[in-house]
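Written below as structure tokens is the structure these notes are about.
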Amino acid sequence: MVVTKNLEDKLLNVKVEGRLDTATAPELEAELAEVLDKADELVFDLEGLEYMSSAGLRILLATQKKMGLKGGMKVTNVNDVIMEIFEITGFSDILTIE
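Okay, structure coming up:
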């Protein structure tokens, strides 16, 4: 998994590529912990994400709750595979997906 972060004027852009599963989820959690408090808004770019397990969903849900108290969070560039996971789990109703 590759995580790219860019914080600019309280807007945090996080691009996640590869596989987000139980092996890689702790890495994403650590990456977010470094900068999440500095951001008011968060955009997850999932264009390069190939797979997401329940561990990845847990991180998105926890991050959504934190950012909901601030300016919000949205998920962009969701491919068909990840969108199907969101739809099956009900995350498509919870997340702001663009």
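If you read the sequence shown in the numbering used here, its first letter stands for residue 1, the second for the next number, and so on.
Idealized CB from N, CA, C, for every residue including glycine.
Does DSSP classify residue i as helix, strand or coil?
| i | result |
| --- | --- |
| L60 | helix |
| E50 | strand |
| V81 | helix |
| T89 | helix |
| M73 | strand |
Given a cut-off of 9 angstroms on the beta-carbon distance, is the pair residue i and residue j in contact?
| i | j | result |
| --- | --- | --- |
| G68 | E41 | no |
| I85 | L57 | yes |
| I82 | L46 | yes |
| L28 | L36 | no |
| F44 | M73 | yes |
| M32 | N79 | Checking the sequence shown, residue 32 turns out to be Leu, not Met. Contact flag unset, no. |
| S53 | T76 | no |
State buried or exposed for residue i, treating a residue as buried only when at least 16 other CB atoms are found within 10 Å of its CB.
| i | result |
| --- | --- |
| I88 | exposed |
| V14 | buried |
| L134 | This structure leaves residue 134 out entirely; the chain is present only between 1 and 98. |
| A30 | exposed |
| V2 | exposed |
I want to check one thing, is the minimum distance from the CB of residue i to the heavy atoms of the ligand ATP below 8 angstroms?
| i | result |
| --- | --- |
| L20 | Inclusion of the ligand ATP in the displayed structure is not the case, the ligand content being empty and no account of it being possible. |
Exercise for the section: Within the region 4-40, note down every full alpha helix (DSSP H) run reaching 4 residues or more, in order along the chain. Expected result: 25-35
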